[in-house]
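Engineer: Sequential numbering from 1 applies to the sequence shown in full-length UniProt numbering. Glycine residues also receive a C-beta, built at the ideal position from the N, C-alpha and C atoms. Let me begin by handing over the structure; questions about it come next.
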Amino acid sequence: MKKDCLDIRIYKIRANAEDYLVLPEQSYFIILVVNAEQILPEWRNWICEQIVYSKRCIQAMVTGHECSIWDDILDETYLGFYNYQPPVILAS
1 MKKDCLDIRI YKIRANAEDY LVLPEQSYFI ILVVNAEQIL PEWRNWICEQ IVYSKRCIQA
61 MVTGHECSIW DDILDETYLG FYNYQPPVIL AS
C-alpha cells in the first residue's frame, strides 16, 4: 500500500457466529457498527479480545446497540492484556 493512501475495508459478521475477525497485519483503526440486539456477552468479549490481542489496533470506536458496553469491554480487555500498565493512555 502506498504511504499516502487509505486502506479501507468492510467486513460483515453475523452476531454470535464463531468467525474469527480478519484483521490487518499493519496498524489499524476499527469502527464496529453493532446492528443486532441479541448479542451474547461471551461473543462480545471474544470479539474484543481478538481486536486487543492483535496488538495492532490504534483506536477502536463502537456505534449501535449497547455501544457503551462494547467500549467498556474493549477498555477492560486492553487494561487486562497489559496487566493494568498500558503502554499508552486511553482516551474516550
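(1) If you compare alpha carbons, which of LEU32, GLU18 and LYS55 is closest to TYR82?
(2) Determine the burial state of THR77: buried for a count of at least 16 other Cβ atoms within 10 Å of its Cβ, exposed for fewer.
(3) What first and last residue would you give for the beta strand (DSSP E) that runs through VAL34?
(4) Please name the residue, chosen from GLN26, GLU66 and TRP46, that lies closest to VAL33 on a Cα-to-Cα basis.
(5) Under the assumption that ILE73 contacts ASN45 (Cβ atoms under 8 angstroms), give the Cβ distance between them as a whole number of angstroms.
Structural biologist: If we stick to the structure as given:
(1) LYS55
(2) buried
(3) 28-34
(4) GLU66
(5) 6 angstroms
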